[in-house]
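Beneath this line is the structure, given in structure tokens, with notes to follow.
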Amino acid sequence: MKLDSRKIIDDFRAMIRLKTVSSEDLKKMDMEEFASFRRLLIDRFPAIREYSEIREIPPTGILFKIRGESSERPSVLMAHYDVVPAGQEGWTCDPFGAEIRDGRIYGRGTLDTKGTLCAIMEAVDHALSEGWRPKNDLYLSFGGEEEVSGETTWNIVDTLYREGVRPAFVLDEGGAVIPEGLPGLRKKAAMVGIAEKGTANYMLTIKSKSGHASTPPRHTAIGKLAKAAVRLEENPFPARLSTPVRLMFREISKEVPFYERPAFAHAGMLAPAIKAAATVMGSSFNAMVRTTTAVVIFEGRSAFNVLPDRAAMGVNVRMLEGDTPESICGELKRKVQDPSIEVALIAGTPPTPVSEIDCEEWEMLKRVIRRTFKDIPVGPYQLNGGTDSRYYSRISNHVYKFTPMEMSAEERGTVHGANESISIRNLLKTVMFYKILTEEL
């Protein structure tokens, strides 16, 4: 299973040097850079090129299909190759230079997610060159607009849906191997996403009489919105145990000391303590057990001496299962307690279905993780953010979200930040994960 580390590093650095920065406005994207990236995938991986059916799916997608012995239980390995803007502040090197320093490769996208994309391609190409063929059809699905919730992956999934493809296994970015482990476990563990919270944006608007700032009313339009913002923060949605959280604690019960297992195995026994802890523990734990609201935009007038005749406030909501963008709209109206404030849903997607874990696909993934990372605990959890894999829930009940890398809190903090980087050791281990995974597919 010897891998060519020099080739892997060279290929990866070439990927990082391409400035595939996505934008909500496709006209602002350098499509030549995106096209160059797709050409790189075809040119640098000869075995995949030889044994794949390759399709480009607009506007930025590329889909490789490697035929297996059967097409009944296909698998999908996916990643995205677009990145967020790098800026220059805080960087100690060129964000697109792929500089190697102290055993690490620096650059935008090293962790999110050109690292996993490179690892997928290297592992599959190496396996094919050794004579391996998948038991079932294998799809490699890569899009270039994940960071802006673009349409490419939706188009890929729609194409597969119309062709009757129903994947038995889908793996995308998500959790990782983290040193702090699962809640209550206190040791390194692999966190695998099995669902995503829903996301919705709302605009709260109030109209008022304009005038001069020298003679203000008791409460200006912005003042009323500020009160509404405080009400939202002081009256959060209730904490509750969603299905992913219950499953997470059930799996934790298999790893804790014997005397603690009953409480973890039956999450309902822990519910009061968990709900109480949500108010005092960190924001990550709070988001795990609650539909959250965040005021992110305030709009009024730009002049200091004019009272605005209209003010608006943007609120981002992340929903637990059972909530919908429409139901949250009504809840926000109730919470702000001001009939003069209009609440409008701008855009939203509901929570994803919860992928199964009492199945062979989950057990397979656990086996591969434990072979790669030395028998560590593996637990399911719910992503607070969104990934392209949510679209695959349309055609599969086994959509898992796991980045096969060991990541400290400091490393995770560089995603979308300055000095994003990956250790060469981590990159090569990620390739090894996918190489082991190919043996199961």
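Under our numbering, read the sequence shown as residues 23 to 463, first letter to last. Heads up, the beta-carbon is just placed ideally off N, CA and C, and yes, glycines get one too. On a predicted model such as this, the values are computed, not experimentally measured, just so you know.
Option in F455, L449 and I458 with minimal Cα separation from K136: Closest by alpha carbon: L449.
Stretch pair the segment 326–335 + the segment 227–247: three plus CB contacts closer than 8 Å: yes
Among K157, P402 and M143, nearest to G90 - alpha-carbon criterion: The residue from K157, P402 and M143 with its alpha-carbon nearest to that of G90 is K157.
Contacting residues, own chain, Cβ-Cβ under 6 Å from I391 (five flanking each side not counted): A212 and V400
Neighbourhood of V358 by C-beta distance below 6 Å, restricted to the same chain and skipping five residues each side: A250 and R253
Secondary structure of D429, DSSP reduced to three states: Note on residue identity: the sequence assigns Met, not Asp, to residue 429. Here DSSP, grouped into helix, strand and coil, assigns M429 to coil.
Per-residue DSSP class, three states only, for F326: Here F326 carries a coil assignment [DSSP, helix/strand/coil].
DSSP bridge partner residues for Q404 (one or two, in chain order): A217
Cβ-Cβ separation, S97 to A190 (assumed contact under 8 Å), whole Å: 7 Å
Given A149 as reference, the closest of G119, G109, C115 and A69 once Cα atoms are compared: A69
Per DSSP, cross-strand counterpart(s) of G233: L329
Three-state class that DSSP yields for I379 in the structure shown: coil
Cβ-based neighbour list, Y456, same chain, cut-off 6 Å, excluding 5 preceding and 5 following: A141, I142 and A145
Cutoff 6 Å; reference R39; Cβ partners in own chain excluding five residues on either side: The answer, listed in chain order, is F118 and A120.
Three-state secondary structure assigned by DSSP to M454: helix
Short Cβ contact (9 Å threshold) for R60 with I127: no
Candidates P266, S44, D104 and Y161, of which the one nearest Y414 by Cα: Y161
Paired residues, beta bridge with R126 - DSSP: Answer is R123 and S445, bridged to R126.
Classification of D32 by the beta-carbon crowding that lies within 10 angstroms, buried from 16 upward: exposed
Residue range of the beta strand (DSSP E) that includes M100: S92 to H102
Proximity of E169 and S44 at Cβ, strictly below 9 Å: yes
Neighbourhood of V453 by C-beta distance below 7 Å, restricted to the same chain and skipping five residues each side: For V453, where only same-chain residues beyond five positions count, the Cβ hits under 7 Å are L25, I30, A141, E144 and A145.
Residue range of the unbroken beta strand (DSSP E) whose run includes S418: That residue, S418, is in no beta strand (DSSP E); it is neither H nor E in DSSP.
Beta-bridge pairing of M225 - partner residues as DSSP gives them: Partner(s): G336 and A366.
Option nearest S362 by Cα separation, candidates S74, M53 and A243: Out of S74, M53 and A243, the CA that lies nearest to the CA of S362 is found in A243.
heavy atom of the ligand ADP below 8 Å from E111 C-beta: Within the structure as shown, the ligand ADP is missing, as the structure has no ligands at all.
Of the listed residues K209, S232 and R416, nearest to I178 (C-alpha basis): R416
Contact check, T314 vs F259, beta carbons under 9 Å: yes
Identified DSSP bridge partners for N158: Beta-bridge pairing links N158 to S92.
Neighbour-count burial assignment, S163, 16 or more Cβ in a 10 Å radius: buried
Residues near E383 in its chain [Cβ-Cβ closer than 8 Å; skip 5 each side]: A190, F191, H420 and Y422
Whether H438 touches V106 by CB criterion (9 Å): yes
Whole-Å CB distance - I216 paired with V376, under 8 Å assumed: 6 Å
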